[in-house]
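First up is the structure itself, then whatever we jot down about it.
Protein chains: 2
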Amino acid sequence: MRVVETFAAARALSGGSVGLVPTMGFLHEGHISLVRAAEHASDTAVVTLFVNPLQFEDQSDLDRYPRDIERDAALIEDAGADILVVPALHEMFPHYPTRPAVTVAVERITEGMEGEHRSGHFAGVATIVAKLFAGLRPDRAWFGRKDAQQFVVVSRLATDLSFPVTVTGGATVREADGLALSSRNVFLDHDDRVAAVSVSRGLFAAAAAAGEGERSADVLEGVVAAEIEAAGGAVDYVTLASASDCSALDSLDRSAFLAVAARVGQVRLIDNVWLEPDGSADRGIRLTGPSILYGGD
Amino acid sequence: MRVVETFAAARALSGGSVGLVPTMGFLHEGHISLVRAAEHASDTAVVTLFVNPLQFEDQSDLDRYPRDIERDAALIEDAGADILVVPALHEMFPHYPTRPAVTVAVERITEGMEGEHRSGHFAGVATIVAKLFAGLRPDRAWFGRKDAQQFVVVSRLATDLSFPVTVTGGATVREADGLALSSRNVFLDHDDRVAAVSVSRGLFAAAAAAGEGERSADVLEGVVAAEIEAAGGAVDYVTLASASDCSALDSLDRSAFLAVAARVGQVRLIDNVWLEPDGSADRGIRLTGPSILYGGD
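Keeping their order, the protein sequence lines are chains A and B.
Under the numbering used here, the first residue of the first sequence is numbered 1, with each subsequent residue one higher.
Under the numbering used here, the first residue of the second sequence is numbered 1001, with each subsequent residue one higher.
Here it is in structure tokens:
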């Protein structure tokens, strides 16, 4: 694996079909599964590691975002990547901290859920992803479906800005007890770690209800909220949203995801299950043992 | 020359270095000079012809924008282009008239001049140009320096969104009497055509003053405005602006352009000269005879 600091260097090393996995580092099995998929499907598998200051609503959240580049690089190489791009902040933003004059804007699909709770977050994500698509010219890019709204935003970015990039979603990877892997899980203390399982437990209960015929968004959302609140968590939102444009649905009458954000202790967690109108669900995949990476207990 | 309707078809036909000239059609010698430059410098010269609905502030201006695709295609082929891309509206905007969810935003550099007078114009330009850069993957792209602010916006777009595209400015092409070529010149009646020359005459007078040592923006701008108003034109603005970020300058102390917008009869004209702090100027180039294309009398 070659480690480079510029897009130009990465392009010069790329040949054949190019698969891209953008990350903010501090990797877990969810990221690694995307790298493996990119390696399997592409002639050149490119991973980027950049903590994007544009997508944090406040500086303290950016500052405390966990980082361990050497460990990440070893994991990425083990997963089969050909190129790791670790751009310096000033490669990405020559005028930082002055904002770039030209950025990417997202409307409508970011009005609810994470877009409502994290002002400017998706414009920051979309701007960085556009830069990665522009600078690295991938044919295909992988994003985790755990960040459901982000996955829809990035898919629309490719279409609306005419990038010839196929955006592919990776299944959410979970601990054996159901907790979705997240770089933020390291901040959960023991009691919060126990309570955090209520998030996935609620989603799985709702998916089971959908499988038994329940179609009402209110009912499905209520199942999730009740489970989390019973465990002492605080729900930010539970929303049944269209898989194509993130609009809130009244009933499960098209491809959708049931998304939740909740605070458990000091940690804000997001998770989701993807639901089809026939009641089938994509709950992600579970590790059979404890996570070998950060995020386990 | 091959004429195609999709970016994918154009990419499939492109080889080696790709030069791009985006146009809205109804071409004059200014556009043709860009196509010739692209043909000279590139293995594959690609011209696009698309009237961008996003950059018109009202539907009537869009509706009356002149169109003559067959004539344009013949001129583009004569100038040596390899590929002409004429995308259908629904290739560019699958959901038209619904706005795309993801667009390009521009701030700061579009606060004055055309950006102030034409709300949303540059966001529309930037969104389309981003799509052309993303979909056609050019190595180099040519834009006329007559649209000075647009040229700065597109240059910043390439940098800020990490497109590996070298943006090159083409000199303004003028009638023998100085009038800058414009697709809108066909709307000038005989009297207005005479009065319209005051725009370039004012700019050349200001450039001459700069050559003689004048550095005050107020004075240089005043020279232009006086010439136009004496001819019966109405000045929208005259601004000495930084060539790097379009900010208004108090004095000619860095690379700059002196830009003007004025109404002559029913037609709004824009023009500029590029000035250096040593007093040298780029006034563009003049045709030695009447324009062979639209825009002459």
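By construction, the Cβ of each residue, glycine as well, lies at the ideal position given by its N, Cα and C atoms.
All values derive from a computational prediction rather than experimental measurement.
For this session: Report yes or no: is there a C-beta of chain B within less than 9 Å of the C-beta of glycine 135 of chain A?
Result: yes
Problem set entry | Close-in-space but distant-in-sequence residues of the same chain around serine 132 of chain A (CB under 7 Å, 5 per side omitted) | One detail in the question is off: residue 132 of chain A reads as leucine in this sequence, not serine. Here the set comprises Leu20, Pro22, Thr48.
Exercise. Does DSSP put arginine 286 of chain A in a helix, a strand or coil?
Worked result: strand
Exercise. To the nearest angstrom, how far is it from the Cα of glycine 1080 of chain B to the Cα of glutamate 1039 of chain B?
Worked result: 6 Å
Problem set entry | 9 Å Cβ cut-off: residues of chain B touching lysine 131 of chain A | Asp1160, Leu1161, Ser1162, Phe1163
Problem set entry | chain A contacts from the region 1036-1067 of chain B (Cβ-Cβ distance under 9 Å) | none
For this session: Tell me, to the nearest whole angstrom, how far the beta carbon of aspartate 189 of chain A is from that of glycine 265 of chain A; I am working on the premise that it is less than 8 Å.
Result: 6 Å
Exercise. Does the Cβ-Cβ distance between alanine 204 of chain A and glutamate 91 of chain A come in under 9 Å?
Worked result: First, the amino acid is wrong: residue 204 of chain A is phenylalanine here, not alanine. It is not a contact, given that the beta carbons lie outside the stated cut-off.
Exercise. Can you find a C-beta in chain A that's less than 9 Å from the C-beta of alanine 1123 of chain B?
Worked result: So, interface residue.
Exercise. By Cβ distance, which residues of its chain are closer than 7 Å to arginine 1201 of chain B, with the 5 residues on each side in sequence left out?
Worked result: Gly1178, Glu1227
Exercise. My guess is that valine 106 of chain A and valine 1197 of chain B are in contact by the Cβ rule of under 8 Å, so how many angstroms apart are they, rounded?
Worked result: Wrong, their Cβ atoms sit about 46 Å apart, outside the cutoff.
Problem set entry | Interface residues of chain A facing threonine 1166 of chain B [CB-CB closer than 9 Å] | Going along chain A, no residue has its Cβ under 9 Å from threonine 1166 of chain B, so there is no contact; the nearest lies around 12 Å.
For this session: Could you name the residues that DSSP lists as bridge partners for arginine 263 of chain A?
Result: Arginine 263 of chain A has A/Ala234, A/Arg268 as its beta-bridge partners, per DSSP.
Exercise. Contact check, alanine 261 of chain A vs glutamate 57 of chain A under 8 Å by CB: the rounded distance?
Worked result: About 14 Å; that fails the 8 Å criterion.
Exercise. Since leucine 157 of chain A meets chain B, which of its residues come closer than 8 Å, beta carbon to beta carbon?
Worked result: Val1102
For this session: Please state whether DSSP places valine 1104 of chain B in a helix, a strand or coil.
Result: strand
For this session: Flag this pair as yes or no: are the beta carbons of glutamine 59 of chain A and glycine 120 of chain A separated by less than 9 Å?
Result: Going by C-beta atoms, glutamine 59 of chain A is not nearer than 9 Å to glycine 120 of chain A.
Exercise. Taking proline 66 of chain A as the reference, which of A/Asp78, A/Ala208, A/Val51 has the closest Cα?
Worked result: A/Val51
For this session: State the beta-bridge partners of arginine 2 of chain A as determined by DSSP.
Result: A/Ile83
For this session: On the DSSP bridge assignment, give the partners of valine 18 of chain A in chain order.
Result: A/Thr44
For this session: Could you tell me how far apart the beta carbons of leucine 84 of chain A and alanine 73 of chain A are, in whole angstroms, since I believe they sit closer than 8 Å?
Result: 6 Å
For this session: Determine the chain B residues that contact arginine 108 of chain A at a beta-carbon separation under 7 Å, and present them in chain order.
Result: Ala1101
For this session: May I ask you to list, following chain order, the residues of the region 1009-1028 of chain B that have a beta carbon less than 8 Å from some beta carbon of chain A?
Result: Arg1011
Exercise. In the DSSP assignment, what residue or residues form a beta bridge with phenylalanine 7 of chain A?
Worked result: Answer is none; phenylalanine 7 of chain A lacks a bridge partner.
Problem set entry | 9 Å Cβ cutoff, aspartate 1147 of chain B in contact with chain A | Not a single CB atom of chain A sits nearer than 9 Å to the CB of aspartate 1147 of chain B.
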